[in-house]
Each structure stands twice: as structure tokens, then as C-alpha cells.
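Each remark here refers to the structure printed beneath this line.
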Amino acid sequence: MFHQLLFAFILAASLLSRPKLLYLNWGTHYLLIAIAGGIALFYHRQQLKKVVFQYRYLIGWISLFYGWILLSTLASDFSQIALKYSLKYSTYPIAFGIFLLIPNLAYQKFYHRTLFRFLVFISGWGIVEYLSPNLAFLDILRYPNAYPRISAIVQGANQLGVLMAIGAVFAIILYRKHLISQAEMCLTVPIFIGLNTLSASRNGWLIFILGLVLLWLYKLIRLKGFLILISLWSFFLVFFPVSSARIVAPNHPVFPLLYTISPSVEIHHKSLVSPPKKERKPDIAATSDQARVVLWKDALQAFSQKPLTGIGVGVFAEHIGWKHTERSGFHAHNIFLSVLVELGIPGLLLSIVLLFNLIPFSVLKQELIGIPLILIFASQQFDFFINDSTFVVLCTYFLANAVQQKELNREY
């Protein structure tokens with residue numbers, strides 16, 4: 011019961027990134043996850059020696075990686091910013107460690123079902139916001155310039171689109187594993203797919219298509235099922251308006267596909283929906299595709315200046331991404347490029363070695379763990395959700411499953 015409550019607490023805490031702590035201006039979730047970590051350590055205090063010995067190699071690699079982060083922070087021209095973000099992101103390994111302490115995580119029905127219901131809760135919140143985007147309490151959670159207004163419960167619409175894509179695929183896997191009923195799958199999958207399209211996230215759309223391909227390759231769905239799901243997704247894509255479109259033009263339907271075909275429409279709608287800001291001409295292209303190219307070029311330029319130690323964790327978002335956007339928080343839109351520019355070549359190599367220690371290829375063959383992990387890392391090739399605590403907690407859950415499964419495979 012203790013582990014189940016702690017698991018639910020961490021999932022709930024991950025949603026509280028918008029409410030800030032007094033004086034620090036940090037998301038509340040950082041403090042809550044740190045508290046959960048302290049409680050978990052106290053509860054397992056008599057087993058810590060055994061756990062440390064069991065995962066000694068993994069702990070060694072993580073310690074080495076964080077040691078390099080500290081060295082990069084000290085060498086950074088903006089060491090205070092790098093230290094701030096290093097402390098913030100330290101809560102994510104705490105969540106990973108808590109999941110790792112849960113016995114037989116991968117084989118307990120409760121945790122998979124709870125995560126599924128958690129994604130259903132997020133989708134339900136998205137439906138409420140879609141139907142009533144001007145509810146006052148949504149502004150407590152929503153970022154002021156959030157667009158489309160469908161993702162107050164997470165950091166942005168792009169993150170929601172990816173989460174809904176993973177949720178739809180995860181629901182089908184759980185059904186095939188007899189962990190949820192057919193009624194639960196049939197009810198939730200269309201909701202996940204609908205919100206995936208309404209998020210107007212092209213990254214989310216690609217992840218959903220990749221997820222269907224993986225389901226077919228893992229023989230979890232047949233070609234007929236693949237075509238039915240693609241047809242349903244295409245229907246939503248063409249005939250359902252983007253969230254908040256009726257606020258802008260209530261008598262004129264706006265399709266998600268229109269934002270891909272004509273980026274100027276998105277800019278026009280965003281200017282009407284978002285709060286007024288100081289007049290400022292950001293040095294960036296109009297479309298998100300061109301914006302990514304600009305950010306990638308700047309990341310490579312920053313890397314060329316400090317290839318060994320990098321510029322420091324979080325510095326790109328604060329000082330480089332800011333030049334091309336109207337707010338801070340924009341990373342290099344690629345997980346490996348972000349690590350390279352902020353931690354240098356040694357940091358990238360350490361992260362790759364750590365990744366291989368976390369996820370062996372044998373674990374990827376197991377669809378319940380392998381498919382979600384593939385989708386998670388595929389989504390980070392054109393984005394980087396390090397600031398979205400909900401997404402990162404989801405990632406750490408599957409990573410902990412992979413590590414436990416690796417230990418079980420080693421024993422047998």
C-alpha cells in the first residue's frame with residue numbers, strides 16, 4: 011500500500027509545475043518529488059545497503075554523469091543559471107529511484123493501470139478545456155501564452171499531443187496483455203486519438219503513426235486494425251477544429267491540418283488568443299520547422315565555442331533560445347544536441363553510456379516496456395521536454411521498469 015500511495019503521489023505532483031514556490035519561483039512539483047524521495051529513503055532505510063549493492067554499477071554511472079554536470083556548471087560562463095537548473099533536474103533521478111525501489115514494478119498490474127488512468131485523467135482535463143477554454147481556474151495551471159488552449163494540465167499542446175499518442179498505444183498494449191478490459195480500450199483510444207489531433211502537434215502525430223507501426227511490427231494489431239486506427243485518426247485530423255478555434259472565429263471551423271499548410275493562420279490565431287506582450291520582433295522564422303533549424307544552428311555554434319565542458323545546463327534555454335522566442339525555456343529541440351551543447355562531448359558520451367546501461371536491447375523486445383520507451387525517445391528527436399515534469403516522470407517510470415527487467419534477466 012505504501013508504494014502504491016507514493017506512486018500515485020508522484021504522478022499527481024508532476025502536474026503541479028505551474029504553481030510556483032514562494033521566493034524561488036520554482037514549480038511546486040520539484041519540492042513534492044524531493045519530499046517523496048525523502049519518505050522513500052526513510053521507509054527503505056534498512057534495505058538501502060542491499061539496493062545500493064544491487065544497482066552499484068548504475069549508481070556509479072549516474073554519479074559520474076552528475077559529477078560531470080557539476081564540472082560543466084563550474085566551467086560555465088553562467089554558472090548560477092547552470093547550478094539552478096542542475097538542482098531542478100536533480101528531482102527527476104529521485105523519481106526514478108523511487109520507482110526503482112518498488113518491488114517487481116513491471117509485473118504488478120496496479121502500476122500499469124494507474125498510469126493508464128493517469129493518462130485518461132489528463133485527456134479528460136483536455137476535453138474540459140477544449141469545451142470551456144475560458145474557465146478561470148484553468149489560468150492557475152495554464153501558461154499565459156499556451157496555444158492551442160487544450161493543455162493546461164501539462165506544459166504545452168505539443169507535450170499533450172505526444173502523451174496522448176503514447177496513451178493510445180499504451181492502452182492497446184494493456185488490452186492485449188489483459189490488463190484492461192475491451193470496453194476501457196474502446197472508450198479511451200478514440201479520446202486519446204482525438205486529443206492527439208486537436209493538440210495540433212505534428213510531433214505528436216508522427217509519434218502516433220510510429221506507435222501504430224510498432225504495434226503492427228510487434229504483432230499486437232493486424233493490418234485491418236492498423237487501417238481502422240489510421241482512418242479514425244485521419245477523420246479527427248480533417249474534421250475536428252483545433253482547441254480554442256471557436257474563440258478566435260466561432261462561426262468558422264479551423265482544421266488542425268490548416269496550421270501545417272498555412273503557418274500564417276497559426277500566427278494570426280496565436281496573436282489573438284495570447285495575452286498582449288511588449289512589441290518585440292523575435293529573430294526566428296515563422297514556421298516551427300524553420301524555427302527548429304535556426305535553434306539547431308545556434309546550438310552547433312554555441313557548441314563550437316565550448317566543445318569540452320559545454321555552456322552549462324539550462325543556459326541554452328535562458329540565453330540562446332530566448333533570442334529567437336518571446337520567452338525562456340526553449341531548448342535545442344533535440345535531446346542529444348541539447349546534451350551536447352550544454353555538457354560538451356564528454357557529457358554526451360556519458361549520457362549515451364548511461365542510456366545503454368538503463369535500456370538493454372533485450373528489454374526492447376518486450377512490448378509493454380519497449381514500445382513506450384521507443385516512442386518517448388523518438389519524440390525527443392524534434393523536441394526536448396526536460397521542463398515538462400509529467401513527461402519526464404512517465405519516462406522515468408518506463409526506465410525503472412527496464413532496469414528491473416534487466417536485473418531479472420541477469421538472475422535467470
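Residue numbers for the sequence shown follow our numbering, so the first one is 11 and each next one is one higher. Ideal placement from N, C-alpha and C gives every residue a C-beta, glycine not left out.
Could you please give the first and the last residue of the uninterrupted alpha helix (DSSP H) stretch that includes residue i?
{"i": "Phe63", "result": "Leu58 to Gln64"}
{"i": "Pro382", "result": "Glu377 to Ser389"}
{"i": "Leu15", "result": "Phe12 to Ala23"}
{"i": "Pro200", "result": "Gln192 to Leu208"}
{"i": "His122", "result": "Lys119 to Leu141"}
{"i": "Asn367", "result": "Ile345 to Leu368"}
{"i": "Phe236", "result": "Leu233 to Phe249"}
{"i": "Ser89", "result": "Ser89 to Tyr99"}
{"i": "Ser372", "result": "Phe371 to Leu374"}
{"i": "Tyr53", "result": "Thr38 to Tyr53"}
{"i": "Gln169", "result": "Ala167 to Arg186"}
{"i": "Gly221", "result": "Arg212 to Leu227"}
So, for residue i: in the same chain, excluding its five sequence neighbours on each side, which residues have a beta-carbon less than 7 Å away from its beta-carbon?
{"i": "Ala342", "result": "Leu305, Trp306, Ala309, Phe326, Ser348, Val351 and Phe394"}
{"i": "Val403", "result": "Ile20, Leu21, Ser24 and Ala105"}
{"i": "Glu377", "result": "Ile183, Tyr228 and Leu230"}
{"i": "Ala312", "result": "Ile321, Phe326, Ile330 and Val351"}
{"i": "Ile3", "result": "Residue 3 lies beyond the range of the chain shown here (11 to 422); nothing can be said about it."}
{"i": "Leu41", "result": "Leu31"}
{"i": "Asp398", "result": "Val164, Gln165 and Gln169"}
{"i": "Leu74", "result": "Leu360"}
{"i": "Lys416", "result": "Pro370 and Val373"}
Buried or exposed, going by whether 16 or more other CB atoms sit within 10 Å of the CB of residue i?
{"i": "Lys94", "result": "buried"}
{"i": "His13", "result": "buried"}
{"i": "Ala410", "result": "buried"}
{"i": "Lys375", "result": "exposed"}
{"i": "Gln315", "result": "exposed"}
{"i": "Ser244", "result": "exposed"}
{"i": "His39", "result": "buried"}
{"i": "Thr353", "result": "Per the sequence shown, the amino acid found at residue 353 is Leu instead of Thr. Buried: at least 16 other Cβ atoms inside 10 Å."}
{"i": "Ser142", "result": "exposed"}
{"i": "Met11", "result": "exposed"}
{"i": "Leu247", "result": "buried"}
{"i": "Leu383", "result": "buried"}
{"i": "Ala193", "result": "exposed"}
{"i": "Thr96", "result": "The sequence as given places Ser at residue 96; Thr does not occur at that position. Looking at its Cβ environment, which holds 16 or more other Cβ atoms inside 10 Å, Ser96 is buried."}
{"i": "Gln414", "result": "buried"}
{"i": "Phe52", "result": "exposed"}
{"i": "Leu360", "result": "buried"}
{"i": "Ile7", "result": "The chain is shown only over 11 to 422; residue 7 falls outside these bounds and no answer can be derived."}
{"i": "Ile79", "result": "buried"}
{"i": "Tyr185", "result": "buried"}
{"i": "Ile238", "result": "exposed"}
With a threshold of 6 Å on Cβ separation, who are the neighbours of residue i within its own chain once the five nearest residues in sequence on each side are excluded?
{"i": "Met174", "result": "Phe202, Leu205 and Asn206"}
{"i": "Leu233", "result": "none"}
{"i": "Asn35", "result": "none"}
{"i": "Ile448", "result": "The requested residue 448 is not part of the displayed model; the chain covers only 11 to 422."}
Could you compute how far the alpha carbon of residue i sits from the alpha carbon of residue j?
{"i": "Glu139", "j": "Leu148", "result": "8 Å"}
{"i": "Phe249", "j": "Leu145", "result": "25 Å"}
{"i": "Leu81", "j": "Ile217", "result": "35 Å"}
{"i": "Pro266", "j": "Leu225", "result": "Summary for Pro266: the model assigns pLDDT 45, below 50, so the residue's position carries little reliability, and this model does not support an answer."}
{"i": "Leu365", "j": "Ile396", "result": "16 Å"}
{"i": "Asn114", "j": "Phe408", "result": "13 Å"}
{"i": "Val164", "j": "Cys405", "result": "15 Å"}
{"i": "Phe109", "j": "Tyr121", "result": "10 Å"}
{"i": "Leu358", "j": "Leu189", "result": "37 Å"}
{"i": "Ile43", "j": "Leu129", "result": "19 Å"}
{"i": "Val172", "j": "Met195", "result": "18 Å"}
{"i": "Gly77", "j": "Arg28", "result": "29 Å"}
{"i": "Phe126", "j": "Ala85", "result": "42 Å"}
{"i": "Gly134", "j": "Phe63", "result": "42 Å"}
{"i": "Ile99", "j": "Leu197", "result": "Looking at the sequence itself, residue 99 is Tyr, so the reference to Ile does not match. Whole-angstrom Cα-Cα distance: 36 Å."}
{"i": "Ile69", "j": "Gln90", "result": "26 Å"}
{"i": "Gln57", "j": "Ser191", "result": "37 Å"}
{"i": "Leu170", "j": "Arg302", "result": "19 Å"}
{"i": "Phe236", "j": "Ala181", "result": "14 Å"}
{"i": "Ala50", "j": "Leu368", "result": "21 Å"}
{"i": "Gln390", "j": "Val363", "result": "18 Å"}
{"i": "Tyr102", "j": "Leu242", "result": "36 Å"}
{"i": "Lys59", "j": "Phe401", "result": "30 Å"}
{"i": "Lys119", "j": "Phe131", "result": "18 Å"}
{"i": "Gly48", "j": "Gly37", "result": "18 Å"}
Regarding residue i and the ligand ADP, is the C-beta to nearest heavy atom distance less than 8 Å?
{"i": "Ile217", "result": "Judged by which ligands are present, the structure shown has none, so any question about the ligand ADP falls away."}
Cutting at 8 Å between CB atoms, please list the residues of its own chain near residue i, excluding the five before and the five after it.
{"i": "Asn419", "result": "Pro370, Ser372 and Val373"}
{"i": "Gly221", "result": "Ala175, Ile176, Ala178, Val179, Ile381 and Leu385"}
{"i": "Phe88", "result": "Ile321, Gly322, Val325, Glu328 and His329"}
{"i": "Lys288", "result": "For Lys288, the pLDDT reaches just 42, beneath the cut-off of 50, and the residue's location in the model is therefore unreliable, although a value from the coordinates is still provided. If we look at Lys288 and ignore the five residues flanking it on each side, it has no Cβ neighbours."}
{"i": "Ile240", "result": "Ile219 and Leu222"}
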